[in-house]
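> Starting off with a structure, shown below.
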Amino acid sequence: MSRLPAALRTRALAAAYPVYYRLPHRVRMWLVRWVAPTYTVGAVVLVRDAGADRLLLLRQPPGRGWSLPAGLLARGESPVEGALRELAEESGIVLAAEQLTAAVPNALVHHRGRWVDLVFEATVPAAGTRLRVDGAEVLEAAWHDLAALPPLTRQTERLLGCYGIGPAAGGGAGAG
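Numbering (this note's numbering), first residue to last: 50 to 225.
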C-alpha cells in the first residue's frame, strides 16, 4: 500500500480503517502480525582493552573467522541483560549493567536477514581479565590489536566497519 500515490493511499486507508476497527480485537491482532514485518533481535558487545587499542574477539565453530560476543535475546530479556549474558557465556567476562554503554548507532537493522543487532560497548583491563571459553560454542577468545585484526567473519567485518574499525571502516550504519 505504501507504493500507492499519496492521495489514493489516503482514500484507501480512510475506507479500510472503519472496517478494521469493527473487527474483533483478536482478528485485528492476527492481521497486524500477518502484515507487519518481524525481526529477530540480538545483542552484540564491543569489548575494548582499557590499557591498549585492543578488542576482544572470539573464534567460534567452524572457526573460519573471528567475531564479537553476541547472541539472540531470550524471550522477555532486555537488550542489556542479553548482552551481559552472552558476554559471560562466551568469554567468561562478568560485568554489571552500568559497565555497558549503548554504541552509537545502537541498533543496526539487517533488512535482508530481518534481524536487528543492538550494540553495546564496554572497556575492561585485559591484563586483569581472565577469559574463559567452553570449547563448544566458542573455541578461543583473545585480545587483538585494532591495527592488526585477524580474519573476521563477514558479518563482524561489516558491523565493526559501522564503528570505524577494521577493513570495512567507513561503511556507515546501514548494515544491510
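Each residue gets a CB set at the ideal place from its N, CA and C atoms; glycine is no exception.
Taking 7 Å as the limit between beta carbons, can you name the residues of its chain near asparagine 155, skipping five residues before and five after?
Here residue 155 corresponds to residue number 106 of the sequence shown, with the count starting at 1. Excluding positions up to five away in sequence, the list reads Leu167, Val168.
> Got a sec? Which residues, its chain only, sit under 6 Å from arginine 108 by beta carbon, not counting five neighbours each side?
Numbered from its first residue, the sequence shown carries residue 108 at position 59. Correct list, in chain order: Trp115, Leu188, Glu189.
> Whether or not the stretch 119-132 and the stretch 84-95 are in contact is what I'm after, with contact meaning three or more pairs of Cβ atoms, one per stretch, closer than 8 Å; do they touch?
Result yes; three or more Cβ-Cβ pairs closer than 8 Å.
> Please give me, in chain order, every unbroken run of the alpha helix (DSSP H) with length at least 4 that falls completely inside the stretch 163-212.
Counting only runs of 4 or more, we get 203-210.
> Less than 6 Å between C-beta atoms, sequence neighbours within five positions excluded: which residues of the same chain meet that for glycine 223?
To locate residue 223, count along the sequence shown from 1; it is residue 174. Confidence at glycine 223 is low in this model, with a pLDDT of 48, below 50, so the placement of that residue should be treated as unreliable; the coordinate-derived value is given next. Excluding sequence neighbours, glycine 223 sits near nothing in its chain.
> Considering only the alpha carbon of each residue, which of Glu147, Pro118, Ala56, Val165 lies closest to alanine 191?
The sequence position of residue 191 within the sequence shown is 142, counting from 1. Ranking the options by Cα distance to alanine 191, first place goes to Pro118.
> For serine 127, name the three-state secondary structure that DSSP assigns.
Locating residue 127 in the sequence shown gives position 78, counting from the first residue. The answer is coil: DSSP assigns serine 127 none of H, G, I, E or B.
> Does glycine 162 pass the burial test, meaning 16 or more other C-beta atoms within 10 Å, or should it be called exposed?
Here residue 162 is taken as the residue at index 113 of the sequence shown, counted from 1. Exposed: under 16 other Cβ atoms inside 10 Å.
> When the Cα atoms are used, what is the spatial distance from alanine 175 to threonine 205?
Position 126 of the sequence shown holds residue 175. Position 156 of the sequence shown holds residue 205. The straight-line gap from Cα to Cα measures roughly 21 Å.
> Just to confirm before moving on: does the CB-CB distance between leucine 136 and alanine 171 stay below 9 Å?
Position 87 of the sequence shown, counted from the first residue, corresponds to residue 136. Position 122 of the sequence shown, counted from the first residue, corresponds to residue 171. Yes, they are a contact pair.
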